[in-house]
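Enquirer:
Number of protein chains: 2
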Amino acid sequence: MRPQDNGGIGIRPVNFCSNCGNKVVTRIPSGDDKPRFVCDDCGTIHYRNPLMVIGAIPEWGDKILLCKRAIEPRLGFWTLPAGFMELGESTGQAALRETLEEANARIELTGLYTMLSVPHVNQVHIFYRARLLDLDFGPGMESLEVALFAENEIPWDELAFRTVTTTLKHYYADRRQKPFPVHTGEVHAPPRPSKS
Amino acid sequence: MRPQDNGGIGIRPVNFCSNCGNKVVTRIPSGDDKPRFVCDDCGTIHYRNPLMVIGAIPEWGDKILLCKRAIEPRLGFWTLPAGFMELGESTGQAALRETLEEANARIELTGLYTMLSVPHVNQVHIFYRARLLDLDFGPGMESLEVALFAENEIPWDELAFRTVTTTLKHYYADRRQKPFPVHTGEVHAPPRPSKS
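Taken in order, these protein sequences are the chains called A and B.
Start counting the first sequence at 2; every next residue gets the next number (the working numbering).
Start counting the second sequence at 2; every next residue gets the next number (the working numbering).
The structure is reproduced here in structure tokens:
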């Protein structure tokens, strides 16, 4: 997962029109009911929308593959291979590509598994179950280390993202009673520390 | 579904930096492997990513609710209520909101149903099964007409989008043998007419 649009913390404001370069204004366009960034020079409406992060749970026997992050955010923490979906690809292709990029690992997808909305950072995280095809893997540019973990070896306190934790908790609960259902849900911002 | 980013036909190019207004260049940023729109003045990288379209299959007994589109693309064709996911919401909230906006209808989601990638227009279409809560519905701003259809009344030749057709074909096949599994897949551009 590469930092993107402010490192995944949020979506950047639009100051200038990416089409003609003039200053934009914020107003509700005709036929709409929400404020948008609008260019009154060329008429372009600059919509902003949530981004998809797509990943996989690569299985090898009773172990799964995790990557230790070499980049911010959450440098040094462990994650399932995942990243921002690119133009021109399908969700499945994104999962294969990210696993290849981050872990140099080849997988075969075995089913959609979790779709978790993270509204406070405007993202939806989607994970597939997958079969690791061989043991010829190793860290890509964005990983410090790639390794297989049995359930009792998962570094729960060193996982990079709550959607990864949620996905793995579902995974180990479901694995005891196959088949795997699809889980959907939301992950919200943690409560701010009280000022009192 | 509101027209967005070129009416859903594709993703607009970036000519100017939306942060500082200077001209952008296209190059592969350090640590990346794909060409991006980059501002060499303020350093902003302008990533472009696929968009999510979220919708629902609102059920009332053995009928489902469809909307006749009042806007392009596909004006006058029938669709399931659906539209672009907005910032700050979850996929489920997007399905409820779009159904309210396009059909003035209140629904309760009963499960994720289809997730269909449409790579040639850089979209992922996601549909939930849903229960219509009452019959107090009617066309919103983007609909000409809203109506309930039994299976033998579905206007198959007048459906607006192939992801709607795919979703409804799965739906009627699955309905004969509940429970409903989740379907994922891809919808590609139709082949171009041969020049010979």
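Every residue gets a Cβ at the ideal spot worked out from N, C-alpha and C, and that includes glycine.
Cβ closer than 7 Å: which chain B residues qualify as neighbours of A:Thr111?
Expert: Neighbours of A:Thr111 on chain B: none; closest Cβ ~12 Å, over 7 Å.
Enquirer: Assuming B:Arg70 and B:Ser118 form a contact by the criterion Cβ under 8 Å, report the distance between their Cβ atoms to the nearest whole angstrom.
Expert: With a Cβ gap of about 22 Å, B:Arg70 and B:Ser118 do not count as contacting.
Enquirer: Return helix, strand or coil for A:His189, following the three-state DSSP convention.
Expert: A:His189 falls in the coil class under three-state DSSP.
Enquirer: Expressed to the nearest angstrom, what Euclidean distance is found between the alpha-carbon atoms of A:Thr100 and A:Leu136?
Expert: Looking at the two C-alpha atoms, the distance is approximately 13 Å.
Enquirer: My understanding is that A:Met116 touches A:Ile127, with C-beta atoms under 8 Å, so please give their C-beta distance in whole angstroms.
Expert: So it is a contact: roughly 5 Å between Cβ atoms.
Enquirer: Count the other CB atoms within 10 Å of the CB of B:Gln124; is the residue buried (16 or more) or exposed (fewer)?
Expert: Under this definition B:Gln124 is a buried residue.
Enquirer: For a minimum of 4 consecutive residues, which ranges assigned as the alpha helix (DSSP H) are wholly contained in the stretch 2–54 of chain A?
Expert: Within the stretch 2–54 of chain A, no complete alpha helix (DSSP H) run reaches 4 residues.
Enquirer: State the CB to CB distance for the pair A:Ala148 and A:Ala96, rounded to an integer number of angstroms; the pair is presumed to be in contact (CB under 8 Å).
Expert: That belief does not hold up - the Cβ atoms of A:Ala148 and A:Ala96 are roughly 19 Å apart, past 8 Å.
Enquirer: To the nearest angstrom, report how far apart A:Ala190 and A:His121 are at their CA atoms.
Expert: Cα-Cα distance, rounded: 6 Å.
Enquirer: Flag this pair as touching only if the stretch 160–178 of chain A and the stretch 73–84 of chain A have three or more C-beta atom pairs under 8 Å; answer yes or no.
Expert: Flag = yes, the stretch 160–178 of chain A and the stretch 73–84 of chain A touch.
Enquirer: State the Cα-Cα distance for the pair B:Asp33 and A:Pro36, rounded to the nearest angstrom.
Expert: Whole-angstrom Cα-Cα distance: 33 Å.
Enquirer: Under DSSP, the beta strand (DSSP E) around B:Val183 begins and ends at which residues?
Expert: Element bounds for B:Val183: n/a, residue is neither H nor E.
Enquirer: Could you give the residue range of the alpha helix (DSSP H) that holds A:Gln178?
Expert: First-last for A:Gln178: undefined, no H or E at that position.
Enquirer: Starting from A:Leu84, follow the alpha helix (DSSP H) in both directions and report where the run begins and ends.
Expert: Position check: residue 84 of chain A holds Gly in this sequence, whereas Leu was assumed. A:Gly84 -> not in any alpha helix (DSSP H); beta strand (DSSP E) instead, spanning Ala83 to Phe85.
Enquirer: Consult DSSP for B:Gly56 and reduce its assignment to one of helix, strand or coil.
Expert: B:Gly56 falls in the strand class under three-state DSSP.
Enquirer: Does DSSP put A:Glu109 in a helix, a strand or coil?
Expert: The answer is strand: DSSP assigns A:Glu109 an E or B state.
Enquirer: So what does A:Ala148 bridge to, in DSSP terms?
Expert: Its beta-bridge partners are A:Leu67.
Enquirer: Considering just the uninterrupted stretch of the beta strand (DSSP E) at A:Arg132, what are its terminal residues?
Expert: Looking at the DSSP string, the run of the beta strand (DSSP E) that includes A:Arg132 is Gln124 to Leu133.
Enquirer: Look at the alpha carbon of B:Phe85 and the alpha carbon of A:Asn50, and state the distance between them as a whole number of angstroms.
Expert: Distance between the alpha carbons of B:Phe85 and A:Asn50 is about 8 Å.
Enquirer: Answer yes or no: does any C-beta atom of chain A fall closer than 8 Å to that of B:Glu99?
Expert: No, B:Glu99 does not count as interfacial toward chain A.
Enquirer: Who are the near neighbours of B:Val15 in its chain, counting only those whose CB is closer than 6 Å to its CB and skipping five residues on each side?
Expert: Within the same chain, B:Val15 has close Cβ partners Val25, Phe38 and His47.
Enquirer: To which residues of the same chain is A:Thr45 closer than 7 Å at the C-beta, ignoring the five residues directly before and after it?
Expert: Answer for A:Thr45: Cys18 and Asn20, listed in chain order.
Enquirer: Might you give, ordered along the chain, the residues of its own chain that have their beta carbon closer than 6 Å to the beta carbon of B:Glu103, omitting 5 neighbours on each side?
Expert: Correct list, in chain order: Cys68, Pro82, Gly141, Glu143 and Ser144.
Enquirer: Using beta carbons (cut-off 8 Å, strictly below), is B:Cys40 in contact with chain A?
Expert: B:Cys40 does not count as touching chain A.
Enquirer: Less than 8 Å between CB atoms is the rule here; does A:Thr185 satisfy it with respect to chain B?
Expert: Yes, contact with chain B.
Enquirer: Look up A:Leu136 in the DSSP assignment and say whether it is helix, strand or coil.
Expert: Here A:Leu136 sits in coil by DSSP.
Enquirer: Is A:Pro51 close to chain B? Criterion is C-beta to C-beta, closer than 8 Å.
Expert: So yes, A:Pro51 belongs to the interface.
Enquirer: Could you check whether the Cβ of A:Thr80 sits closer than 8 Å to any Cβ belonging to chain B?
Expert: It does not; no Cβ of chain B falls within 8 Å.
Enquirer: Quick check on the burial criterion: 16 or more other C-beta atoms within 10 angstroms. Buried or exposed for B:Asn7?
Expert: Note that B:Asn7 scores 42 on pLDDT, short of 50, meaning its location in the model is unreliable; the coordinates nonetheless yield the value given after this. It is exposed - the Cβ of B:Asn7 has fewer than 16 other Cβ atoms within 10 Å.
Enquirer: Buried or exposed: where does B:Ser31 fall if 16 or more other Cβ atoms within 10 Å of its Cβ makes it buried?
Expert: Exposed is the call here.
Enquirer: So is A:Leu76 in contact with chain B if we call contact Cβ pairs under 8 Å?
Expert: Answer no: the Cβ-Cβ gap between A:Leu76 and chain B never drops below 8 Å.
Enquirer: Classify A:Leu97 as helix, strand or coil using the three-state DSSP reduction.
Expert: If DSSP states are grouped into helix, strand and coil, A:Leu97 belongs with the helices.
Enquirer: Going straight from the alpha carbon of A:Gln178 to that of A:Arg132, what length do you get?
Expert: Whole-angstrom Cα-Cα distance: 18 Å.
Enquirer: Alpha carbon to alpha carbon, how far is A:Arg176 from A:Glu152? Give it in angstroms, no decimals.
Expert: Between A:Glu152 and A:Arg176, the C-alpha separation is close to 11 Å.
Enquirer: Just to confirm, are B:Val188 and B:Tyr114 a CB contact at a threshold of 8 Å?
Expert: No, they are not a contact pair.
Enquirer: Work out the CA separation of A:Leu52 and A:Arg98 for me, nearest whole Å.
Expert: The alpha-carbon atoms of A:Arg98 and A:Leu52 are separated by roughly 17 Å.
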